[in-house]
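Number 214 in full-length UniProt numbering belongs to position 214 of the sequence shown; there are no gaps in the numbering.
Note that CB positions come from ideal geometry on N, CA and C, so glycine has one too.
In this text, all values refer to a predicted model and were calculated from it rather than measured experimentally.
Right, one structure below, let's go through it.
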Amino acid sequence: MAPHIINVLLTSFPGLNLPPTLVVPTAASVHTSDFIADIANRLPQIDTRLTFTTSSNKTLQRSSSAPLSSLLSSHHDSILPVRLSVPLCGGKGGFGSQLRAAGGRMSSKKKKNVGDQNSSNRNLDGRRLRTVNEAKALAEYLALKPEMDKREKEARRKRWEQVVELAEKREEEIRNGNKGRVDGQWVEDKEEAGERAREAVKAAMASGVYRDNLSYTRESSGSLDQDPIQPKSEEGDGDKLADAIIEKSPLLASATKAVSTSSSRTYYGFDVDDEFMSNDSEEEEEEEEEEFADEEEKSNSTVS
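Here it is in C-alpha cells:
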C-alpha cells in the first residue's frame, strides 16, 4: 500500500525571495520536527527564528515527534495549509489592558470635595452621620475662633505699627534733609510763574482795565454808586495791589495769557469830583446870565 501523501501549502512572506505559496508534498507519517528541518534547509539563511502555524492556529513545534497527519482536521484530507511567519518581540498589549491601567490610575487619585458616602446613614441615636460631623466641625471652629481672632488683631496691629513707623521715618528724613528735598527746577519755575503773573497784573492795572471782584460784590449787596472801572493809580499802590491779587488769585496763568494775547489799547480816565463839577456849572450859568443882561442893555440903548 502506497504511503499517504499530504500536500503542504506553505505561505511565505516578502523578503525571502520565494513565491507567495509553495506546495511541498510530504508523507503523512513524517514527523513534525523532520518536516520543519527539511523546510529550513530549503529556505535562505536568516538570523530570525521562523514560526510555522496552521490555518486552525496550531503551531508546529520543532521538538515534536507527532506525524503531520495529526495536524489535519480529518484523516481523509490531503491538504495542510501552513503559514510561515516571523515572531515579533514585545507588544503594546490589547485595549482591555489599557482600560485596566487607566482604571487603576483613576482609582488611585484622591477624590476632592466628595463627602462620605455613608453620610446619609443614621447612628444608634437616630441622628444622621452628616449632622454629627457638621456639629463636630462647628465645635472645633468655635474652639479655634478666639485664637484666630487674636492672631488677626495682632497682625493688624503690626501693620498699623509699620505704617506709623514709616510715616515717622519719612518725616524725620524730610526734617534732616536727607530725602524729600524740593526740586530746585520746580522752585525756579514757580518763582518765574509768579513773576510773570505779577508783571501781567501790573500791566493790566497800568492800562486801567480791570475789575475788582470784591468791590463788585459790595456793589451788588447794596453799594451800587461806585464805578467798576477803576482809575489809573500810582506805581507804588499798583505793586502792592498786584502782590495781594497774586496771593489770593488761583488763576494767575489765565491772567498772564489774557494780557499777553490782548492788543495794546488806550483808555482815558477822569477824576470825578461832584463838588468841582457843580461849581463849574454854576459859574457857566452866571456868565451866560451876565452876557444875556449885557446884550439886553445894548439893545435898549440902541433903541433909545
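Item to check | Nearest-angstrom beta carbon gap, L68 and I6 [assumed within contact, 8 Å] | outcome: So it is a contact: roughly 6 Å between Cβ atoms.
Checklist entry - Ordered along the chain, which non-local residues of its own chain (more than five positions away) have a Cβ less than 7 Å from that of P20? => result Short of 7 Å from the beta carbon of P20, and not among the five residues preceding or following it, lie these beta carbons of its own chain, in chain order: T11 and S12.
Checklist entry - Of all the options A28, G15, T54 and T53, which has the alpha carbon lying nearest to the alpha carbon of Q44? => result Checking the sequence, you will find Pro at residue 44 rather than Gln. Distance check between P44 and each of A28, G15, T54 and T53 places G15 closest, using alpha-carbon atoms only.
Checklist entry - Is T59 near L80, with beta carbons less than 8 Å apart? => result No, they are not a contact pair.
Item to check | For D77 and S102, the rounded distance between their alpha carbons | outcome: Position check: residue 102 holds Ala in this sequence, whereas Ser was assumed. Approximately 48 Å between the Cα atoms of the pair.
Item to check | For R49, three-class secondary structure by DSSP | outcome: Coil, per DSSP.
Checklist entry - Which class does K85 belong to by DSSP, given the choice of helix, strand or coil? => result The amino acid at residue 85 is misidentified as Lys; the sequence shows Ser. Residue state, collapsed to three classes: strand.
Next on the checklist: Whole angstroms are fine: how far does the CA of E199 sit from the CA of R157?
Outcome noted: The straight-line gap separating the alpha-carbon atoms of R157 and E199 is approximately 55 Å.
Checklist entry - Thinking C-beta only, is S120 closer than 8 Å to R128? => result At a Cβ-Cβ threshold of 8 Å, R128 and S120 count as neighbours.
Next on the checklist: Assuming L84 and F52 are in contact, meaning their beta carbons sit under 8 Å apart, how far apart are those beta carbons, in whole angstroms?
Outcome noted: 6 Å between Cβ atoms; contact.
Checklist entry - If you draw a straight line from the alpha carbon of A139 to that of E152, how long is it in whole angstroms? => result Within the model, the alpha-carbon separation for A139 versus E152 is close to 20 Å.
Checklist entry - So, helix, strand or coil for residue 334, using DSSP? => result In this structure the chain extends from 1 to 304, so residue 334 is not present and cannot be described.
Item to check | Opposing strand residues paired with A27 [DSSP bridges] | outcome: Within the DSSP bridge table, the entry for A27 names I5 as partners.
Item to check | Burial state of I46 (16 or more Cβ within 10 Å) | outcome: Exposed, since its Cβ has fewer than 16 Cβ neighbours within 10 Å.
Checklist entry - So, using beta-carbon positions, are T26 and A66 closer together than 8 Å? => result Contact annotation: T26 and A66 have beta-carbon atoms that are not nearer than 8 Å.
Next on the checklist: Beta-carbon within less than 7 Å of residue 308's beta-carbon, same chain only, minus the 5 sequence neighbours each way: which residues are those?
Outcome noted: No information on residue 308 is available, as it lies outside the stretch 1 to 304 that the chain covers here.
Checklist entry - Any idea what DSSP makes of R62, helix, strand or coil? => result In the structure shown, the three-state DSSP call for R62 is coil.
Item to check | Nearest candidate by alpha-carbon position, reference S73, set L88, S56 and V82 | outcome: The candidate whose alpha carbon is nearest that of S73 is S56.
Checklist entry - Is V23 buried or exposed, if buried means 16 or more other CB atoms sit within 10 Å of its CB? => result Exposed is the call here.
Item to check | Span separating the alpha-carbon of M148 from that of R100 | outcome: Their backbone Cα atoms lie some 47 Å apart in a straight line.
Item to check | P67 (DSSP reduced to helix, strand or coil) | outcome: Reduced to three states, the DSSP call for P67 is strand.
Next on the checklist: Are the CB atoms of N118 and V132 within a distance shorter than 8 Å?
Outcome noted: The answer is no: Cβ separation not under 8 Å.
Checklist entry - How far does the alpha helix (DSSP H) with R42 in it reach, from first residue to last? => result R42 -> alpha helix (DSSP H) spans T32 to R42.
Next on the checklist: Given a cut-off of 8 Å on the beta-carbon distance, is the pair T48 and V82 in contact?
Outcome noted: In this structure, V82 does not lie closer than 8 Å to T48 by Cβ.
Item to check | Proximity of A28 and H4 at Cβ, strictly below 8 Å | outcome: The beta carbons of A28 and H4 sit closer together than 8 Å.
Next on the checklist: Tell me the DSSP secondary structure of R127 in three-state form.
Outcome noted: In the displayed model, R127 falls within coil according to three-state DSSP, outside both helix and strand.
Next on the checklist: Between the alpha carbons of Y141 and F95, how many angstroms are there, rounded?
Outcome noted: In a straight line, the C-alpha of Y141 is about 50 Å away from that of F95.
Next on the checklist: Pull the bridge partners of L10 from the DSSP assignment, please.
Outcome noted: According to DSSP, L10 bridges with L22 and V82.
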